[in-house]
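These notes are about the structure you will find just below.
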Ligand SMILES: *Cc1c(COP(=O)(O)O)cnc(C)c1O
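In this note's numbering, the protein residues as written are 33 to 396.
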């Protein structure tokens with residue numbers, strides 16, 4: 033099976049993890065600190081707080097922002113449920129606005145001024161233009177799970193040039209991996225402190241009352257990353273530029289070879305922006321037949337995503353399939369083709385060959 037995405041782990045990554053296993057620290061320790069420092073240098077941001085997953089990072093960001101009951105949090109309908117669930121986790125109300133067909137990101141021009149927060153998702157790795165918001169809500173939390181290594185004219189995605197916090201995931205299909213893992217970046221020291229409390233039970237040391245003493249004044253979780261995971265992340269980070277360059281190279285090759293087929297190509301990055309190409313989603317007619325045909329041929333295509341408002345949990349949002357017509361029409365045709373640094377050109381040719389055969393049947 034050629035999967036839609038997969039990690040690129042080499043002997044250097046494996047050696048880094050083995051080193052931690054031979055040392056004194058397994059849970060959060062010096063490797064997590066080193067990973068956070070290296071990510072903050074790479075992303076040109078003041079604070080990086082590592083988490084046990086991207087979902088935990090989003091939960092932490094929503095909590096640190098003080099979001100809760102009465103707050104409306106707008107996100108994209110075309111995303112993984114965690115982007116909306118971070119509002120639900122803290123008792124806030126998720127809300128959706130339709131996507132912009134020029135970018136497939138949520139249409140930031142439509143975010144209502146009444147929203148407390150917005151969670152823009154850099155879909156497929158193409159950064160949403162945060163400058164397009166007519167009224168900036170009180171809180172802006174980027175969901176950059178797809179966009180580690182992407183850049184805009186403002187610098188690296190994650191530098192929080194136009195946001196309060198930015199969340200990443202290091203799941204194996206994402207741009208770099210720690211196995212499971214995530215992080216929140218911010219330039220605000222008090223948000224960083226709140227994030228660090230939140231990931232460790234809300235605990236604050238009270239050394240004036242004794243070396244053992246800490247106080248818990250607010251709810252927290254065990255959302256720590258382990259040193260085992262962080263060592264993998266640190267080794268992966270050294271290769272991120274190569275990974276993103278390879279993703280861009282393969283994406284350009286798809287664009288060239290698919291140009292003459294009845295296949296809709298994903299939005300391109302404008303000048304001055306580097307696409308992260310976490311996935312390569314295309315539009316095809318008869319998507320179900322094409323999906324099943326490709327799966328049958330050993331090509332692990334996927335659909336990103338069944339929209340947020342199509343899921344049963346989203347009854348709280350009050351939208352039906354069809355109510356966000358641009359997203360709903362795109363979803364009918366969406367299909368993510370395999371894209372990852374280790375994909376060979378021969379494998380990519382196999383994907384294109386099978387896709388050509390399947391979409392060719394439409395013409396008869
Ligand atoms: C992967 C992903 C997440 C969640 O990250 P996990 O590390 O899997 O918890 C959140 N949002 C988006 C858009 C994602 O793709």
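Backbone N, C-alpha and C define an ideal beta-carbon position, used for all residues, glycine too.
Contact test: residue i Cβ vs ligand 1 heavy atom, cutoff 8 angstroms
i	result
residue 153	yes
residue 433	The requested residue 433 is not part of the displayed model; the chain covers only 33 to 396.
residue 368	no
residue 175	yes
residue 213	yes
residue 86	yes
residue 146	no
residue 115	yes
residue 90	yes
residue 202	yes
residue 341	no
residue 198	no
residue 271	no
residue 261	no
residue 178	yes
Classification of residue i by the beta-carbon crowding that lies within 10 angstroms, buried from 16 upward
i	result
residue 152	buried
residue 133	exposed
residue 396	For residue 396, the predicted structure reports a pLDDT of 43, less than 50, and the residue's modelled location is therefore unreliable. The matter cannot be settled from this model.
residue 145	exposed
residue 376	exposed
residue 58	exposed
residue 268	buried
residue 364	exposed
residue 116	buried
residue 222	exposed
residue 245	exposed
residue 178	buried
residue 373	buried
residue 294	exposed
residue 393	exposed
residue 400	What is shown of the chain runs 33 to 396, which leaves residue 400 out entirely.
residue 206	buried
residue 131	buried
residue 284	exposed
residue 169	buried
residue 167	exposed
residue 228	buried
residue 343	exposed
residue 288	exposed
residue 248	exposed
Beta-ladder partner(s) of residue i, from DSSP
i	result
residue 138	131
residue 6	Residue 6 lies beyond the residue range present for the chain, which begins at 33 and ends at 396; the question has no answer from this structure.
residue 34	331
residue 187	184
residue 149	105, 171
residue 80	217
residue 125	104
Any non-hydrogen atom of ligand 2 closer than 8 angstroms to residue i Cβ
i	result
residue 206	This structure lacks ligand 2; the ligands present are ligand 1.
Check your understanding: What are the start and end residues of each continuous beta strand (DSSP E) run of 3 or more residues lying completely inside the region 298-383, in chain order?
Key -> 312-315, 366-369
Practice item. For the region 255-268 and the region 48-60, state whether three or more C-beta atom pairs, one from each stretch, are separated by less than 8 angstroms. Key: They touch, by the three-pair rule.
Check your understanding: What alpha helix (DSSP H) runs, 4 residues minimum, are completely inside the region 94-123?
Key -> 114-121
Check your understanding: Counting Cβ pairs, one atom from each stretch, are 3 or more of them under 8 angstroms apart for the region 69-78 and the region 276-287?
Key -> No, they do not touch.
Review point. At what residue ranges does the region 243-299 contain a whole run of the beta strand (DSSP E), taking only runs of 3 or more?
Key: You should have 246-248.
Review point. Do the region 82-92 and the region 108-126 meet, that is, are 3 or more Cβ pairs less than 8 angstroms apart?
Key: yes
**Study point:** Inside the region 196-245 only - beta strand (DSSP E) runs reaching at least 3 residues
**Key:** 197-201, 214-218, 235-237
Check your understanding: Contact between the region 203-218 and the region 175-194: three or more CB pairs below 8 angstroms?
Key -> yes
**Study point:** At least 3 beta-carbon pairs within less than 8 angstroms: the region 319-326 vs the region 384-392
**Key:** yes
Check your understanding: When the Cβ atoms of the region 199-214 are set against those of the region 227-245, are three or more pairs found closer than 8 angstroms?
Key -> no
Review point. Should the region 122-140 be regarded as contacting the region 101-114, the criterion being three or more beta carbon pairs within less than 8 angstroms?
Key: yes
Check your understanding: Do the region 325-340 and the region 379-388 meet, that is, are 3 or more Cβ pairs less than 8 angstroms apart?
Key -> These segments touch.
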